[in-house]
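Going by the UniProt record's numbering, the first residue of the sequence shown is number 1, and it counts up by one from there.
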Amino acid sequence: MARKKIREYDSKRLLKEHLKRLAGTDLQIRSAQVTESTDFNELVNKEPWLSSTKLVVKPDMLFGKRGKSGLVALNLDLAQAAQFVEERLGTEVEMGGCKAPITTFIIEPFIPHDQEYYLSIVSERLGCTISFSECGGIEIEENWDKVKTIYLPTEKSMASEACAPLIATLPLEVRGKIGDFIKGVLTVFQDLDFSFIEMNPFTLVNGEPYPLDMRGELDDTAAFKNFKKWGSIEFPLPFGRVLSFTEKFVHELDEKVGDLGCASELGNYAEYSGAPNEEEVLQYARVVLDCATADPDGRKRALLIGGGIANFTDVAATFNGIIKALKEKESNLKAARMHIYVRRGGPNYQTGLAKMRKLGEELGIPLEVYGPEATMTGICKQAIDCIMSAA
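Structure below.
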């Protein structure tokens with residue numbers, strides 16, 4: 001897991017959009033993001049509520065204690081909010097020993113309120129920790145003894161009895177609403193692969209939960225399956241971290257390399273390493289092939305076997321297990337119109353590749369075999385072209 005912080009604007013956007021989808025809860029969150037390229041006239045046309053309500057303005061820069069640092073402005077009209085941003089945009093501030101300019105603000109409606117609650121969810125190795133308090137806000141650290149915490153194992157659902165210890169001391173008239181909100185937020189947390197969510201505070205507006213301040217972190221290794229749900233997400237650098245020219249250049253190269261498109265066509269990815277024996281590979285390959293050939297629909301499919309150049313795994317030995325599985329699943333492979341690509345290097349790879357070529361001839365299944373002279377990106381491109389040509 002790679003925990004990457006996201007801006008408050010994106011945290012609230014994701015929560016609003018997906019809490020409605022997953023739990024049927026329509027949060028009345030409204031927010032606007034402001035950077036140096038923002039035109040306020042265009043922003044107001046897009047978000048007309050900005051000109052008709054009192055506003056809150058604060059930096060959206062991945063650091064906390066904004067209120068204690070005098071960087072939050074409350075109860076402003078649009079002109080005052082624009083002035084507040086203009087005076088501070090690009091201004092260097094120091095937070096936690098790090099200095100950097102403020103480049104991004106978030107503007108939201110000013111919400112008068114009396115009660116402030118605290119909620120956080122943190123992903124752990126085998127589950128998640130959920131913390132709640134009736135005493136949220138800027139003094140949460142001083143009131144940490146009032147925070148209630150439960151641990152929820154991955155395999156356990158957030159039933160009412162699991163949530164009960166968190167909300168036991170709440171008044172009856174709000175207990176159910178806040179309990180449902182906590183369960184809904186956890187559902188979003190799990191569905192979108194959040195690794196951290198904190199609301200400090202959230203309140204109730206007309207009896208409905210409303211996050212005032214929120215922080216979020218996503219597991220960016222799950223981007224391949226969440227790119228549609230996340231939408232246009234940004235993973236900013238930590239506050240005060242500035243890339244050098246060389247780092248920017250390499251980062252831009254990294255974003256371009258290997259992006260061949262067709263992510264929506266990706267069915268399954270599986271990996272083995274550590275020199276497994278033939279029987280272990282056989283059992284593993286059976287499962288992968290069952291997934292790859294399930295529910296044939298007449299369209300071509302492509303299966304890539306192999307990958308990098310092994311250091312100590314005997315390629316021929318592990319291929320024996322895969323070859324046995326391919327023979328067993330011959331009819332399934334043909335029904336799924338499977339085109340197989342093999343690319344491997346490492347100890348005894350020539351013998352392993354020769355066995356694969358012979359297998360292709362025996363089964364009469366399209367099977368192309370490559371050694372370390374071919375690149376994986378090139379093989380992937382061939383597989384994509386194969387399935388797209390028949391689309």
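Where a beta carbon is used, it is the ideal one built from N, C-alpha and C, also for glycine.
Query                                                                                                                                                                                                                              : Result
Where Thr203 and Ile150 are concerned, what is the direct C-alpha to C-alpha distance, given to the nearest angstrom?                                                                                                              : 21 Å
Would you list, in sequence order, the uninterrupted alpha helix (DSSP H) runs of no fewer than 4 residues that lie entirely inside the region 64-113?                                                                             : 78-88
Quick check: what's the CA-CA separation for Gly70 versus Arg30?                                                                                                                                                                   : 23 Å
For Leu374, which beta-bridge partners are listed by DSSP?                                                                                                                                                                         : Here the sequence assigns Ala to residue 374, which means Leu is not the residue at that position. Beta-bridge pairing links Ala374 to no other residue.
Taking buried to mean at least 16 other C-beta atoms within 10 Å of its own C-beta, is Thr293 buried or exposed?                                                                                                                   : buried
Count the other CB atoms, across all protein chains shown, that sit within 10 Å of the CB of Val257; report buried if there are 16 or more and exposed otherwise.                                                                  : For Val257, the predicted model reports a pLDDT of 49, less than 50, meaning its position is unreliable; a value from the coordinates is still stated below. Answer is exposed; the Cβ neighbour count stays below 16.
Assess, as a yes-or-no matter, whether the region 131-138 is touched by the region 84-97 under the definition of 3 or more beta carbon pairs within less than 8 Å.                                                                 : no
Counting Cβ pairs, one atom from each stretch, are 3 or more of them under 8 Å apart for the region 272-285 and the region 356-369?                                                                                                : no
Spatial neighbours of Ala270 within its chain, please: C-beta separation below 7 Å, excluding the five flanking residues on both sides.                                                                                            : Val288
Which whole-angstrom value describes the C-beta separation of Ile111 and Tyr272, a residue pair presumed to lie in contact below a C-beta threshold of 8 Å?                                                                        : Ile111 to Tyr272, Cβ: 53 Å. No contact.
Would you check if the distance between the CB atom of Leu27 and the CB atom of Val188 is smaller than 8 Å?                                                                                                                        : no
Quick check on His113: buried or exposed, where buried means 16 or more other Cβ atoms within 10 Å of its Cβ?                                                                                                                      : exposed
Identify every run of the beta strand (DSSP E) within the UniProt domain "ATP-citrate synthase citrate-binding" (256-385), keeping only runs that are complete inside it and at least 3 residues long; order them along the chain. : 301-309, 338-345 and 367-370
State buried or exposed for Phe245, treating a residue as buried only when at least 16 other CB atoms are found within 10 Å of its CB.                                                                                             : exposed
Taking the C-alpha atoms as reference points, what is the distance between Met199 and Lys381?                                                                                                                                      : 44 Å
When you compare only the Cα positions, how much space is there between Pro238 and Ile102?                                                                                                                                         : 12 Å
Mind the definition here: the region 171-188 touches the region 138-146 only if three or more C-beta pairs lie below 8 Å; say whether that holds.                                                                                  : no
Under a three-way DSSP split, which group does Leu166 fall into?                                                                                                                                                                   : helix
Can you give the Cα-Cα distance for Tyr309 and Gln350, rounded to whole angstroms?                                                                                                                                                 : A small fix is needed here, since residue 309 is Ile in this sequence, not Tyr. Going by the C-alpha atoms only, they are around 12 Å apart.
In chain order, what residues of the same chain have a beta carbon less than 7 Å from the beta carbon of Val281, not counting five sequence neighbours either side?                                                                : Tyr272, Thr318, Gly321 and Ile322
Does Ala316 pass the burial test, meaning 16 or more other C-beta atoms within 10 Å, or should it be called exposed?                                                                                                               : buried
Output needed for Val122: all residues of its chain with C-beta closer than 7 Å, excluding positions within five of it in sequence on either side, in chain order.                                                                 : Cys128, Thr129 and Phe196
Hey, Leu126 and Thr154: beta-carbon distance below 8 Å or not?                                                                                                                                                                     : yes
Just how far apart, CA to CA, sit Asn348 and Asp314?                                                                                                                                                                               : 6 Å
Output the distance between the C-alpha atoms of Glu217 and Ser51, rounded to the nearest integer angstrom.                                                                                                                        : 31 Å
Between Ser11 and Arg215, how many whole angstroms is the CB-CB distance? I'm expecting something under 8 Å.                                                                                                                       : 6 Å
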